Amino acid sequence: MRSLLLAVILSLSATFPAFTQSLQINDAVIRVPVPPKYENADSNAKPLPSLYFKTKKIEPLEKAGEFDEGIFLYGASIRPRKDRSNAEVYEQLFAAVFNRVKHRVNGGKGTSATGDLNPKLIDRIFKNAGGKTAATLDLVVNDPTQKSFVVLAGYELIGVVTIPIYVETSFVFVKDRLVFAHNVRVAVTGNSRTPSKTIKSEMRRTSKKLRNAIQRANR
């Protein structure tokens with residue numbers, strides 16, 4: 048009887064997949080599954096140009112209204128080039144953003160050459176990645192269809208207090224479209240001001256699962 052009940056539960060879980068939201072990227076719709084510990088901040092079921100998934104668990108800093116943790120997503124299409132493929136443009140875009148953040152971490156102003164890439168898009172990704180206040184930079188993955196890096200940045204409260212935050216920025220290449228996801232987490236617990244390795248690890252696991260889920264949902 049227990050084995051039969053388990054089989055029914057498994058079949059139901061296979062029938063009802065995780066809730067998904069949709070990104071509208073020009074003429075394409077990209078399905079984005081909502082991570083288990085997050086909820087969609089917008090109840091609109093129509094495809095949107097950007098999405099925000101907020102954490103379900105309200106943590107002390109959020110209770111004080113100081114900072115909201117969540118995942119911000121948006122996308123872009125690639126303008127056709129005669130001299131290189133869309134995949135090569137994807138590689139160049141990631142390199143342009145990554146090198147700009149690296150330049151900032153090394154004490155520069157966070158500027159870099161963009162070539163014929165969209166400078167406004169690069170600037171948007173850089174700012175949402177925490178690039179303006181980035182103190183550290185870690186490359187997480189650099190595969191043909193998935194790329195990601197993490198920065199330890201700061202968030203100022205009326206110019207008085209700086210809350211250390213982790214931001215993992217993911218690039219997903221799917222259906223010749225680019226999906227960008229910025230996973231933002233407060234980097235400390237309680238009254239500590241020492242960055243938490245546990246929070247960083249949890250954030251990276253969530254980002255990896257999200258990248259994989261986006262690719263599976265759009266095969």
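Note that the working numbering gives residue 114 to position 67 of the sequence shown, counting from 1, and the numbers run on in steps of one. In this text, a Cβ means the ideal position worked out from N, Cα and C, and glycines have one as well. Here the structure is a predicted model, which is why all the values come from computation and not from measurement.
Quick one: what does DSSP say residue i is sitting in, helix, strand or coil?
i	result
glutamate 116	coil
arginine 252	helix
isoleucine 78	It is worth fixing the name first, because residue 78 is arginine in this sequence and not isoleucine. It is a strand residue.
threonine 241	coil
alanine 235	According to the sequence as given, residue 235 is valine; it is not alanine. Valine 235: coil per DSSP, three-state reduction.
threonine 180	helix
With 16 as the cutoff for other CB atoms within 10 Å, does residue i come out buried or exposed?
i	result
serine 254	buried
leucine 120	buried
lysine 194	buried
asparagine 230	buried
glycine 162	exposed
arginine 240	exposed
arginine 263	exposed
alanine 182	exposed
serine 97	exposed
leucine 140	buried
glutamate 215	buried
Return the CA-CA distance between residue i and residue j, expressed in angstroms with no decimal places.
i	j	result
lysine 172	phenylalanine 66	Here the sequence assigns isoleucine to residue 172, which means lysine is not the residue at that position. Their backbone Cα atoms lie some 26 angstroms apart in a straight line.
asparagine 259	glutamate 138	18 angstroms
lysine 93	aspartate 74	14 angstroms
serine 69	threonine 192	19 angstroms
leucine 108	aspartate 130	Interpretation of leucine 108 is limited by its pLDDT of 49, a score under 50 that renders its predicted location unreliable; the figure taken from the coordinates is listed afterwards. Each residue's alpha carbon lies about 49 angstroms from the other.
lysine 247	lysine 179	20 angstroms
leucine 186	aspartate 89	31 angstroms
glutamate 203	glycine 154	19 angstroms
asparagine 165	histidine 150	19 angstroms
leucine 257	lysine 156	31 angstroms
What are the residues that DSSP puts in a beta bridge with residue i?
i	result
aspartate 185	Val197
threonine 209	Glu203
arginine 123	The sequence shown places alanine at residue 123, rather than the arginine named in the question. DSSP, once it has assigned bridges, lists Leu225 as partnering alanine 123.
glutamine 71	Val76
According to the Cβ coordinates, are residue i and residue j closer than 8 angstroms?
i	j	result
valine 136	isoleucine 118	no
isoleucine 72	alanine 123	yes
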